[in-house]
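Step one of this worksheet: look at the structure below.
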Amino acid sequence: MMKSIETKDRNAGLGLALLDDPINNKGTAFTVKERAEFGLEGLLPPSVESLDRQVERVLHHLDAKPTDLERYIYLTGLVDRNETLFYRTVMSDPARFLPILYDPTVAEACLTFGHIFRRARGMYITREMKGRIAEVLRNWPQSDVRFICVSTGGRILGLGDIGANGMGIPIGKLQLYTACAAVPPTCLLPVLFDIGTTNDALRADPLYLGLKVTPPSERELDELVEEFVQAVQQVFPNCCIHFEDWKGTDAIRVLARYKDKVLCYNDDIQGTASVTLAGLTTALQIVDAPLTEQRILFFGAGSAGIGISNLIASAMQMQGLSQDAARSRISLFDINGLIEPSRADLSASQKVYAHKAAPSKDLAKTIETLKPTILIGVSTKGGAFNQQVIEAMSRVNERPIIFALSNPTDKAECSAEQAYTWSKGKALFAAGVQFPEVTIKGKTFHPGQANNFYIYPALGLATYVARPRRITDECFIVAAQASADQVGPELRAKGMLFPSQSQILEMEVSTATRIAQFMFEKGLATVKQPADIRKWIEGQLYSPHY
Ligand code: NAI
Numbered sequence: 018m019m020k021s022i023e024t025k026d027r028n029a030g031l032g033l034a035l036l037d038d039p040i041n042n043k044g045t046a047f048t049v050k051e052r053a054e055f056g057l058e059g060l061l062p063p064s065v066e067s068l069d070r071q072v073e074r075v076l077h078h079l080d081a082k083p084t085d086l087e088r089y090i091y092l093t094g095l096v097d098r099n100e101t102l103f104y105r106t107v108m109s110d111p112a113r114f115l116p117i118l119y120d121p122t123v124a125e126a127c128l129t130f131g132h133i134f135r136r137a138r139g140m141y142i143t144r145e146m147k148g149r150i151a152e153v154l155r156n157w158p159q160s161d162v163r164f165i166c167v168s169t170g171g172r173i174l175g176l177g178d179i180g181a182n183g184m185g186i187p188i189g190k191l192q193l194y195t196a197c198a199a200v201p202p203t204c205l206l207p208v209l210f211d212i213g214t215t216n217d218a219l220r221a222d223p224l225y226l227g228l229k230v231t232p233p234s235e236r237e238l239d240e241l242v243e244e245f246v247q248a249v250q251q252v253f254p255n256c257c258i259h260f261e262d263w264k265g266t267d268a269i270r271v272l273a274r275y276k277d278k279v280l281c282y283n284d285d286i287q288g289t290a291s292v293t294l295a296g297l298t299t300a301l302q303i304v305d306a307p308l309t310e311q312r313i314l315f316f317g318a319g320s321a322g323i324g325i326s327n328l329i330a331s332a333m334q335m336q337g338l339s340q341d342a343a344r345s346r347i348s349l350f351d352i353n354g355l356i357e358p359s360r361a362d363l364s365a366s367q368k369v370y371a372h373k374a375a376p377s378k379d380l381a382k383t384i385e386t387l388k389p390t391i392l393i394g395v396s397t398k399g400g401a402f403n404q405q406v407i408e409a410m411s412r413v414n415e416r417p418i419i420f421a422l423s424n425p426t427d428k429a430e431c432s433a434e435q436a437y438t439w440s441k442g443k444a445l446f447a448a449g450v451q452f453p454e455v456t457i458k459g460k461t462f463h464p465g466q467a468n469n470f471y472i473y474p475a476l477g478l479a480t481y482v483a484r485p486r487r488i489t490d491e492c493f494i495v496a497a498q499a500s501a502d503q504v505g506p507e508l509r510a511k512g513m514l515f516p517s518q519s520q521i522l523e524m525e526v527s528t529a530t531r532i533a534q535f536m537f538e539k540g541l542a543t544v545k546q547p548a549d550i551r552k553w554i555e556g557q558l559y560s561p562h563y
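Residues 18 to 563 (our numbering) are what the sequence shown spells out, left to right.
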């Protein structure tokens, strides 16, 4: 925004405005000619630097910071000053910067968001704007918004309801569209949908920046969401709505209502299921067994457990099984034990997986009875996969596939070290958090992290280029297969179930190519199919340079 300053020369205002505009600012990289032309002379030190020299200085600054949270705060300041320099820095080494921009550092940043706040990014749409949401969205300066990532802050990572502090999530998620998959940043809009918060401590915090009220009834929330979704269609007609970190029941209801009506998806539900399927697909390639012959036991039957079950069942159907046959291969176990028909406390989405079996509250015994080939933990019950459980899985399988997806780390059902040790190195293991590598009897294992960033940036890139009318569950199955196909024999030999992070852009482009191809085949895409999809995508990638 142009500052109101008294000036004799209009050029003076222009120079300062340019330095204050993160999209066009080049800082010390403005050339001598540009400095003269835009009224920048005297406002910058005399040395004209290259972008790479500027990156070098940023890296020095980052090295001097004592913690990743400090690095997060520094990078947030950088993106507010100079977006090109920010992306050049983070894209120079994604494996280093992803854990700072996103999980786990973003969790820490969200907890203290109101306190570390410097300057607003994205938009805050609040329940108080009811009736005027479209008008407010028009305040955003870019007209061609292609992605809105929107959160209520109602269920952030493992942190519960943190209301407007959740703004760190849409910001970070969208930065990964660019950092991982080179989607142009100007078409991305983070939105915090502020409906209030149930978090008493936050409402009492004077530095909390959101509405200090409790969330409205489900009916009122649905009305607000309907207005928001329609306003987005009106103001940004080419926009895909990425729902992220809403309270579980709201997330499921909102996705069910809109997934066949507008261009949207929910990363917690669909992205999570897809990355889990990706890891399973790699594990099954290692043991050379088809998905359609697996027996899968979930420990935890909440939104993650049901979401993953449904996508796996759909993937089995795509590979030829009937819906009933697919569902019969999946069982779930929750806080009240095995889900079976005599249980009176089951939801409709759980009932479809209630297969005839004796009631059980003992996980290890259930494993001996059902003989699952795959065990997936999404329970939030840290340590639930004890020695007895891992040994039971190892008794009924030559190579047990064990995923302990609950996070943060203390909630993981078991650690990588426990899984490899108790299975005597046989387990094919992945977790929701990144565990360090483990060496047993001279052999080193590299535990995989089922991180959604293997999926959703590629899906975003495919959506950016192919402009589909809808994003279907099948798109996520294709993404999972594409991710699995990129884990080469060398990585598999080390127990890795996901592609290497060091070549993330290459990997996301390959996955996006497969998704876009599928969108063309299924008639979802609205643009003309090019002769060479990969080259066509490569030609549209954002590249951070002046
Ligand atoms: P949720 O609260 O909807 O479901 C939890 C489920 O676990 C419920 O079915 C509950 O009955 C069951 N449970 C709780 N305590 C139990 C116990 N002692 N024994 C047996 N079952 C128990 O939670 P949601 O959203 O499904 O998430 C579960 C976990 O999965 C969280 O830690 C979440 O962070 C993690 N997660 C990890 C992802 C990833 O790695 N990419 C993605 C999504 C979720």
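Using N, Cα and C, we set each Cβ at its ideal position, and we do this for glycine too.
For residue i, which three-state DSSP category applies?
i	result
Ile258	strand
Met513	coil
Tyr91	helix
Ile22	Residue confidence is low: Ile22 scores 45 on pLDDT, short of 50, so the model does not pin down where it sits. Its coordinate-derived value is still stated next. Residue state, collapsed to three classes: coil.
Cys431	coil
Asp211	strand
Ile347	strand
Tyr473	helix
Ile391	strand
Leu206	strand
Ala306	coil
Asn283	strand
Leu314	strand
Gln503	coil
Can you name, in chain order, every residue of its own chain whose Cβ lies under 6 Å from the Cβ of residue i, other than the five neighbours on each side?
i	result
Leu219	Gly180 and Tyr225
Tyr89	Ile117, Thr122 and Ala126
Cys281	Ile258 and Tyr275
Pro232	Ile212 and Gly213
Kindly list the residues whose CB is nearer than 7 Å to the CB of residue i, restricted to its own chain and excluding five residues on each side of it in sequence; keep chain order.
i	result
Arg565	Not covered by the structure: residue 565. The range shown for the chain is 18 to 563.
Pro111	Ala196, Cys197, Gln518 and Ile521
Thr528	Ala475, Ala496, Ala499 and Ser500
Val162	Cys204, Leu206, Phe253 and Cys256
Just how far apart, CA to CA, sit residue i and residue j?
i	j	result
Phe47	Ile286	45 Å
Gly567	Phe55	The shown model of the chain, from 18 to 563, leaves out residue 567, and the question about it has no answer.
Glu555	Ala510	31 Å
Arg360	Ser396	18 Å
Gly324	Leu154	31 Å
Ile347	Ala371	9 Å
Phe253	Ile165	10 Å
Lys43	Asp267	42 Å
Arg487	Tyr481	12 Å
Thr438	Pro453	14 Å
Tyr563	Phe470	27 Å
Thr298	Thr530	19 Å
Gly322	Ser64	57 Å
Gln503	Ile494	15 Å
Ile457	Ala436	11 Å
Leu95	Trp157	21 Å
Ile313	Glu491	20 Å
Asp362	Asp85	43 Å
Gln334	Ala343	6 Å
Asp217	Gly177	12 Å
Arg149	Thr143	10 Å
Do the CB positions of residue i and residue j come within less than 8 Å of each other?
i	j	result
Val279	Val242	no
Gly394	Lys378	no
Ile532	Ala497	no
Ala467	Phe420	yes
Pro474	Ser500	no
Ile188	Glu100	no
Asp262	Gly171	yes
Val389	Ala433	Reading off the sequence, residue 389 comes out as Pro, not Val. Not a contact, by the Cβ cut-off of 8 Å.
Leu445	Ile472	no
Phe402	Leu349	no
Ile356	Ala318	yes
Leu174	Asp120	yes
Phe210	Ser168	yes
Ser440	Ser411	yes
With 8 Å set as the bound, which would you pick, yes or no: does the beta-carbon of residue i sit closer than that to a beta-carbon of chain B?
i	result
Ala199	Of the chains in the structure shown, none is chain B; there is only one protein chain.
Using C-beta distances below 8 Å, list every residue in its chain close to residue i, excluding the 5 sequence neighbours before and after it, in chain order.
i	result
Glu51	Lys43 and Leu57
Ala427	It is worth fixing the name first, because residue 427 is Asp in this sequence and not Ala. Here the set comprises Gly399.
Gln336	Pro307, Leu308 and Thr309
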